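Under this note's numbering, the residues of the first sequence are numbered 62 to 500, in order.
For each residue, glycine too, the CB sits at the ideal point set by N, CA and C.
As the structure is a prediction and not an experimental result, all values here were calculated from the model.
Notes follow once the structure below has been shown.
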Amino acid sequence: MSQVRVRFAPSPTGFFHIGSARTALFNWLYARHAEGVFILRIEDTDKERNTEEAKQILFQGMKWLGLNWDEGPEVGGDNGPYYQSERTEIYRSHLEQLQKIDRAYEKDGAIYFKITGEPQVIEDAVRGRVERTEEKDFVIFRSDGSPVFHFVNVVDDITMGITHVIRGEDHLSNTSKHTELIKAFRAELPQYAHIPLLLKQQGPGKMSKRDQGSLIEEYERRYFLADAVRNYLCLLGWSPKDDREILPIDEIIQLFDLTGINKNNARFDEKKLSFINTDYLRALPLETFSWLCRPVLNESKIIPEDVDEDFLQDVLRICREKVRSIEELPGYCAYFFTDEYSINEKAKQKIFKKGDPLARLNEILSSIETLDDFSEEILEKTVGSLTVTQNVSSGEYIHPTRLAVSGTNVGPGFYAMLQVLGKEKVLCRIKKFLAETET
RNA sequence: CUCCCGUUCGUCUAGCUCGGUCCAGGACACUGGGUUUUCAUCCCAGCAACAGGGGUUCAAAUCCCCUACGGGAGGCCA
62 MSQVRVRFAP SPTGFFHIGS ARTALFNWLY ARHAEGVFIL RIEDTDKERN
112 TEEAKQILFQ GMKWLGLNWD EGPEVGGDNG PYYQSERTEI YRSHLEQLQK
162 IDRAYEKDGA IYFKITGEPQ VIEDAVRGRV ERTEEKDFVI FRSDGSPVFH
212 FVNVVDDITM GITHVIRGED HLSNTSKHTE LIKAFRAELP QYAHIPLLLK
262 QQGPGKMSKR DQGSLIEEYE RRYFLADAVR NYLCLLGWSP KDDREILPID
312 EIIQLFDLTG INKNNARFDE KKLSFINTDY LRALPLETFS WLCRPVLNES
362 KIIPEDVDED FLQDVLRICR EKVRSIEELP GYCAYFFTDE YSINEKAKQK
412 IFKKGDPLAR LNEILSSIET LDDFSEEILE KTVGSLTVTQ NVSSGEYIHP
462 TRLAVSGTNV GPGFYAMLQV LGKEKVLCRI KKFLAETET
């Protein structure tokens, strides 16, 4: 049994499309599953779009998703070069081979490949046996001398020893062109696996770069966890068949197989991605979560560079279970780090509609002023005894106090929040609120 | 227009290879209830599908055929 060699062959377009990422992922999964080789080959024949920046976006996206390649740019390998733009000689010599056996001819300045017209049988790991007959000779070199996709793709696969071609179903119809070429070169056909396409969230057709949520870099920018995005992508066209959905990548690698891939197209669903992302977020060790949040909060000017790590973790510990994504966090916890928060008027109106919030605030203020121990437990006990002596519900203390110290009516657990804020800030904020409100 | 691929809850899917255990299971979303100081979580419940028609068979989501619908390809794009 020879070693499995698969490749992902994108062209640098300036963005990393989620469909491409899914194709890369399936190739990577299969390579890792079969303990084979995953090759990255850059189809950069289009000079216009082939910029350094475009390549970096691609590499960055791959790395972010953890799709490391064994041969290709940056890592090298014995089957290079891995940029098509550097393989001109290889294409030339292969063209000569075709010309020698009279399978290539010139017409209108372009070079055509002569087809046999025989039915092509494609044994596809996903779709089974597919037959198709190629009917027209097709261009393999343009009149400007550059080779076209069908030609370079096949030549590269042959010369790089690719054993399994895993790609989108949009290539299925053209595969007959490829098998004709491969046979002309007297090379062995690879095992094909045409994977279903990703359809846009709404409306007809496959996902394109213009669709909402279709770019990998967008999820990175929005602080999604790469593991979560990758996990979700695995679920589009594949499943472990045992009702599990969230599972570690090692296990996915173990279970993944070409025959387990679905035939029908899958619609991308950002809500499910978000759900999985939230799940991953909550499973993170607090230190890791904090390490991830630091730059986010720093960028949005909520925390200074030198914020106290223990305090930050205290805040994150009580806030994490309340937010669904890291991008919500800045708006959720800013008041822990600054006194410059505004009072939400709507929340205030709601709270002041009934009862006597100001009286309650004065009561809670004088009760907690004397506390030496400002812990969650003691605070809860203190408010508890107030409700007894004043004969009111705890909510009558909690709501106005939350508003006074955070400016809003939503937030983490009340007592935990007070404890994390600390006695000094809490007293100060209540007093300030009272002073501003009692007019 | 021609060719290729597909069709299970709104969405992702399990089941289909080897027909009965499926009046079809899980998850997201949605709806309702419970827990809770808010919000969120969590727990419970509900809603909701075998595209349609014909076969084959004692029996079909599962096998066969047709139709419809969806997707893709048919470039000197990739």
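- Message: Using C-beta distances below 8 Å, list every residue in its chain close to I313, excluding the 5 sequence neighbours before and after it, in chain order.
- Response: L90, N292, C295 and P301
- Message: Taking only three categories from DSSP, how would you classify A327?
- Response: strand
- With a floor of 4 residues, list each alpha helix (DSSP H) that falls wholly inside the segment 391-432, ordered by position along the chain. 406-413 and 418-430
- Message: Classify K238: buried if its beta carbon has 16 or more other beta carbons within 10 angstroms, exposed otherwise.
- Response: buried
- Message: By DSSP's criteria, V182 is part of a beta bridge. Which residues make up the other side?
- Response: E192
- Residue burial classification, D367 (beta-carbon count within 10 angstroms, cutoff 16): exposed
- Task: Would you grab the beta carbon distance between H225 and V65 for me? Rounded to a whole angstrom, and I think it's under 8 Å.
- Result: 6 Å
- Message: Measuring straight from C-alpha to C-alpha, what distance separates S275 and A289?
- Response: 16 Å
- Report the option in E388, N405, D231 and R282 whose CA atom is closest to the CA atom of N325. D231
- Query: What residue does the alpha helix (DSSP H) around Y91 start on, and which one ends it?
  - Reply: I79 to H94
- Specify, as a first and last residue, the run of the alpha helix (DSSP H) that L294 falls within. A287 to C295
- Message: Using a Cβ distance threshold of 8 Å, determine whether the segment 377-391 contacts the segment 417-428, with at least three qualifying pairs required.
- Response: no
- Message: In whole angstroms, give me the CA-to-CA distance for E370 and I379.
- Response: 14 Å
- Message: Give me the residue from K407, V376 and P265 with the minimum Cα distance to Y393.
- Response: V376
- Which of helix, strand or coil does DSSP assign to G445? helix
- Message: Suppose the cutoff is 8 Å on Cβ atoms and the five residues either side in sequence are ignored; what does the same chain contact list for P73 look like?
- Response: I103, D105, R110, N111, T112, A115, K116, I118 and L119
- Message: Going by C-alpha to C-alpha distance, which of V481, A186 and D169 sits closest to R203?
- Response: D169
- Should V444 be labelled buried (16 or more other beta-carbon atoms within 10 Å of its own) or exposed? buried
- Near I243, what residues of its chain come up, given a Cβ to Cβ distance below 7 Å and the 5 sequence neighbours on each side ignored? V215, I219 and L250
- Query: Between which two residues does the alpha helix (DSSP H) carrying R378 extend?
  - Reply: E370 to R381
- With a 10 Å radius around its C-beta and 16 neighbouring C-beta atoms as the bar for buried, classify V213 as buried or exposed. buried
- Check each candidate in R282, E306, A327 and I162 and name the one with the smallest Cα separation from F246. I162
- Message: Alpha carbons only, please: which of I322, F413 and D272 is nearest the one belonging to I227?
- Response: I322
- Query: By Cβ distance below 7 Å, which residues in the same chain neighbour R83 in space, the five residues on each side in sequence not counted?
  - Reply: L259, L294 and L297
- Query: So K168 is in the beta strand (DSSP E); what residue range does that whole segment cover?
  - Reply: A165 to K168
- Straight-line gap, F336 to N88 (C-alpha atoms, nearest Å): 25 Å
- Message: Closest to I412 by C-alpha separation, out of P391, F397, T462 and F398, would be which residue?
- Response: T462
- Task: Using the Cα positions of V471 and V67, report the straight-line distance between them to the nearest angstrom.
- Result: 51 Å
- Quick one: give me the first and last residue of the alpha helix (DSSP H) that Y476 is part of. F475 to L482
- So, using beta-carbon positions, are G483 and Y396 closer together than 8 Å? no
- Message: I need the DSSP call for Q252, collapsed to helix, strand or coil.
- Response: strand
- Query: For V35, does the three-state DSSP call read helix, strand or coil?
  - Reply: With the chain represented from 62 up to 500, any question about residue 35 goes unanswered, as that position is not in the structure.
- F435 in three-state terms, based on DSSP: coil
- Verify whether the separation of the beta carbon atoms of V187 and L319 is less than 8 Å. yes
- Query: Would you call R271 buried or exposed, if buried means 16 or more other Cβ atoms sit within 10 Å of its Cβ?
  - Reply: exposed
- Query: E147: buried (16+ other C-beta within 10 angstroms of its C-beta) or exposed?
  - Reply: exposed
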